[in-house]
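Every position in the sequence shown, counted from 1, becomes a number in this note's numbering once 213 is added. Quick reminder that beta carbons are idealized off the backbone N, C-alpha and C, glycines included. Owing to the predicted nature of the structure, the values given are computational and were not obtained by experimental measurement.
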Amino acid sequence: MRSLSCRVPGSCLLAAAVWLAVAAAAQEPGPLLKPVVPPSSGTRVRVATSEEDPVFYHFAARVPDPKNKDKSFDCTVAFDSLPSKAMVAAKKWKEWGFEVPANRTATLPELVVRGVQVAPRTTRGRDVEVRLVNLKVEIIEPPKDGDKVLLSDLLLPVNELTKGADKAFEPRMYFGDKFLEFTVSTGVVKKLGTGDDGPLPEPAVSPDKDLLPFAGPTVSYQGTPAFAFASVDGQQKYKLPDGKTETVNVGLSSTMNWPEGVLMTLGTARGLGLTVEDAKDLKGLGAGFDATVARAKVKEVRLAVLTGSGLKVPKDLVLKDLTVIVDKSNSQHFVWIGTRFLDANVTDAVYGCDSYGTWRLSGRVKPELLMDPKTRTPPPPLKKP
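Now the structure itself:
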């Protein structure tokens with residue numbers, strides 16, 4: 214029998230090679246988020262942050278002297294991803310040349326932040342200064358006549374940066390890359406154009422192909438972003454002493470720096486029926502007080518996320534056998550995950566708000582940390598604590 218030979222046209226080989234190249238490229242990890250394109254009246258800026266030990270997400274800025282326009286004070290700003298009040302120590306406020314009002318609520322006329330212009334693109338020096346004006350601050354008295362708030366000169370929450378217009382600012386916090394991005398009106402941006410800005414850093418992309426990208430969208434809990442679904446030890450809800458039902462609410466705080474990575478209120482710990490153990494070896498640092506804390510152990514924490522093609526496949530990010538810190542001075546109902554949680558479990562972590570006003574945590578995780586929501590433990594009957 215004659216052997217049959219098959220000749221493949223060169224054009225087919227070329228097409229196959231192109232297809233294989235595209236398929237291989239599709240498997241390569243890519244950026245988690247598309248760059249934000251600001252409106253014609255806006256400028257996208259990137260600000261370098263510095264997370265040192267203890268880990269507080271903060272950046273450098275300047276406060277102009279209210280009595281001398283040619284003078285200013287260098288300062289460190291702790292930036293919180295959750296909405297709250299901007300705070301400054303009374304001692305620091307006076308040092309800057311301001312008077313402390315009787316009601317302890319004041320307005321910081323201007324905060325100058327140095328950054329680089331991301332968009333619109335420019336071929337000239339990209340270094341800029343952003344003027345944040347009329348920031349409402351609460352004047353507090355830290356313990357021992359201190360002049361710091363969370364080891365910084367000023368605590369600035371996201372709601373004071375954006376004035377509530379999160380979806381216009383589209384802030385993004387890149388934890389691994391150590392920078393903060395947001396969009397502001399071009400009118401508050403001063404282009405320095407010195408060229409002394411170096412290469413523009415881009416968001417990192419982990420080369421580990423085994424990691425799976427995910428996005429964890431949030432919903433609003435009393436005005437605070439919290440994961441759409443969260444559970445602790447199989448409990449998504451618990452009953453309060455008055456008979457009302459409370460939900461397990463988990464949010465991301467960039468100023469929560471406990472090494473354990475998870476902090477919860479005493480109200481939540483009690484509602485979940487956790488055994489709270491005194492932690493005399495721990496000292497907590499609140500915004501204006503020394504916190505009293507304890508420890509508790511949990512078998513499982515679940516957060517609802519999306520993964521897969523187009524980030525449309527529901528999964529649970531599941532962490533097992535965790536030690537959590539309990540704030541014994543707080544009887545409210547909330548759980549915070551912080552920077553140490555991200556360092557331990559999430560690669561390329563970025564937390565930001567999109568143009569629709571939805572906050573979400575994006576990143577890459579090991580496949581074994583993602584589980585089908587069907588594996589959730591059926592919730593036990595709700596009991597009064």
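(message) If I measure Cβ to Cβ from W572 and keep anything under 6 Å in the same chain, skipping five residues before and after, which residues do I get?
(response) In the sequence shown, the residue the question calls residue 572 occupies position 359. Correct list, in chain order: T431, P438, C566.
(request) Assuming A299 contacts L368 (C-beta within less than 8 Å), just tell me the rounded distance between them. (result) Within the sequence shown, residue 299 is the residue found at index 86, counting from 1. Within the sequence shown, residue 368 is the residue found at index 155, counting from 1. Yes, A299 and L368 are in contact; Cβ-Cβ is about 6 Å, under 8 Å.
(message) On the CB-based measure, 16 or more other CB atoms within 10 Å of its CB, does T458 come out buried or exposed?
(response) The count along the sequence shown starts at 1 and reaches residue 458 at position 245. Result: exposed.
(message) Could you give the first and the last residue of the continuous beta strand (DSSP E) run that contains L363?
(response) On the sequence shown, position 150 is the one that residue 363 refers to. Neither: L363 is in no beta strand (DSSP E) and is coded neither H nor E.
(request) With K305 as the anchor, note down where its beta strand (DSSP E) starts and where it stops. (result) Numbered from 1 along the sequence shown, position 92 holds the residue referred to as residue 305. No beta strand (DSSP E) holds K305; the alpha helix (DSSP H) holding it covers 303 to 308.
(message) According to DSSP, is T505 part of a helix, a strand, or is it coil?
(response) Here residue 505 refers to the residue found at position 292 of the sequence shown. Coil at T505, not helix or strand.
(request) Please name the residue, chosen from V418, G338, L595, that lies closest to G576 on a Cα-to-Cα basis. (result) Residue numbering aside, residue 576 sits at position 363 when the sequence shown is read from its first letter. Residue V418 is the option with its Cα nearest to G576.
(message) Using only the alpha-carbon positions, how far apart do N372 and E383 sit?
(response) Your numbering for residue 372 matches position 159 in the sequence shown. Your numbering for residue 383 matches position 170 in the sequence shown. C-alpha separation (whole angstroms): 12 Å.
(request) Using 10 angstroms around the beta-carbon of E241, count the other beta-carbons present and answer buried if the total reaches 16, otherwise exposed. (result) The sequence position of residue 241 within the sequence shown is 28, counting from 1. With fewer than 16 Cβ atoms within 10 Å of its Cβ, E241 is classed as exposed.
(request) With E323 as the anchor, note down where its beta strand (DSSP E) starts and where it stops. (result) Sequence index remark: in the sequence shown, residue 323 carries index 110 (1-based). Looking at the DSSP string, the run of the beta strand (DSSP E) that includes E323 is 318 to 332.
(message) Could you check whether F269 and L364 sit closer than 9 Å to each other, using their CB atoms as the reference points?
(response) Position 151 of the sequence shown, counting from 1, holds the residue named residue 364. Position 56 of the sequence shown, counting from 1, holds the residue named residue 269. Taking 9 Å as the Cβ cut-off, L364 and F269 qualify as a contacting pair.
(request) Whole angstroms is fine: what's the gap from F311's alpha carbon to D293's? (result) As a working note, residue 311 is residue 98 in the sequence shown. As a working note, residue 293 is residue 80 in the sequence shown. When rounded, the distance between both Cα atoms is 24 Å.
(request) Quick one: give me the first and last residue of the beta strand (DSSP E) that D529 is part of. (result) Stepping through the sequence shown from its first residue, residue 529 is reached at position 316. Its beta strand (DSSP E) spans residues 526 to 540.
(message) Going by C-alpha to C-alpha distance, which of D491, L516, K450, T468 sits closest to L611?
(response) Since the first and last residues shown for the chain are 214 and 598, residue 611 lies out of range.
(message) Can you check which of these residues, H546, V397, D379, is closest to D568 by C-alpha distance?
(response) Your numbering for residue 568 matches position 355 in the sequence shown. Checking the displayed sequence, the identity of residue 568 turns out to be Ser instead of Asp. When only C-alpha atoms are compared, the closest one is D379.
(request) In the DSSP assignment, find the alpha helix (DSSP H) that holds W557 and state where it starts and stops. (result) As a working note, residue 557 is residue 344 in the sequence shown. This sequence places Ala at residue 557; Trp is not what is there. It spans 552 to 558 - the alpha helix (DSSP H) in which A557 sits, taken as one unbroken run.
(message) Which runs of the beta strand (DSSP E) at least 3 residues long sit entirely within the stretch 253 to 282? Give them in chain order.
(response) 255 to 261, 271 to 277
(message) On the CB-based measure, 16 or more other CB atoms within 10 Å of its CB, does S216 come out buried or exposed?
(response) To locate residue 216, count along the sequence shown from 1; it is residue 3. Bear in mind that a pLDDT of 35 at S216, under 50, signals an unreliable position, so the model cannot answer this.
(message) Considering just the uninterrupted stretch of the alpha helix (DSSP H) at V371, what are its terminal residues?
(response) Taking the first residue of the sequence shown as position 1, residue 371 is located at position 158. From DSSP, the alpha helix (DSSP H) with V371 extends over 371 to 375.
(request) Take the Cβ of G474 as the centre, count every other Cβ of all protein chains shown within 10 Å, and call the residue buried at 16 or more, exposed below. (result) Numbered from its first residue, the sequence shown carries residue 474 at position 261. G474 is buried by the Cβ-count criterion.
(request) Please confirm whether any heavy atom of the ligand SAM lies closer than 8 Å to the CB of G480. (result) As far as ligands go, the structure on display features none, and thus does not contain the ligand SAM.
(message) Any contact between the stretch 521 to 532 and the stretch 458 to 467? By contact I mean 3 or more CB pairs, one from each, below 8 Å.
(response) no
(request) Give every residue of the same chain whose Cβ lies closer than 6 Å to the Cβ of F547, excluding the five residues on either side of it in the sequence, and list them in chain order. (result) Taking the first residue of the sequence shown as position 1, residue 547 is located at position 334. Around F547: N462, T478.
(message) Need the endpoints of the alpha helix (DSSP H) that R589 sits in, please.
(response) What you label residue 589 is simply residue 376 of the sequence shown in a count that begins at 1. Here R589 belongs to no alpha helix (DSSP H), and DSSP marks it neither H nor E.
(message) Using only CA atoms, which one of A315, R483, V341, S297 lies nearest to V326?
(response) If you number the sequence shown from 1, residue 326 lands on position 113. It is V341.
(request) Could you pull out every unbroken alpha helix (DSSP H) segment of at least 4 residues lying fully inside the stretch 430 to 500, listed in chain order? (result) 479 to 484
(request) Using alpha carbons as the reference points, say which of A303, E308, K349, N543 lies closest to P322. (result) Indexing the sequence shown from 1 puts residue 322 at position 109. If we check each option's Cα against that of P322, K349 comes out closest.
(message) Using the three-state DSSP reduction, which class does G565 fall into: helix, strand or coil?
(response) For the purposes of this step, residue 565 is taken as the residue at position 352 of the sequence shown. Here G565 sits in strand by DSSP.
(request) Report all residues from its chain with a CB closer than 8 Å to the CB of E264; omit the five preceding and five following residues, and keep chain order. (result) Residue mapping note: residue 264 aligns to position 51 of the sequence shown, counting from 1. Closer than 8 Å at Cβ, skipping near neighbours: Y270, H271, F388, K391, T552.
(request) Since I believe L425 is in contact with P580 (beta carbons under 8 Å), could you give me their beta-carbon distance rounded to a whole number of angstroms? (result) Reading the sequence shown from its first residue, position 367 is the one you call residue 580. Reading the sequence shown from its first residue, position 212 is the one you call residue 425. About 5 Å separates the two Cβ atoms, so the contact holds.
(message) Could you give the first and the last residue of the continuous alpha helix (DSSP H) run that contains K380?
(response) As a working note, residue 380 is residue 167 in the sequence shown. 379 to 382 is the extent of the alpha helix (DSSP H) around K380.
(request) Could you please give the first and the last residue of the uninterrupted beta strand (DSSP E) stretch that includes R344? (result) Position 131 of the sequence shown holds residue 344. Unbroken beta strand (DSSP E) run through R344: 340 to 353.
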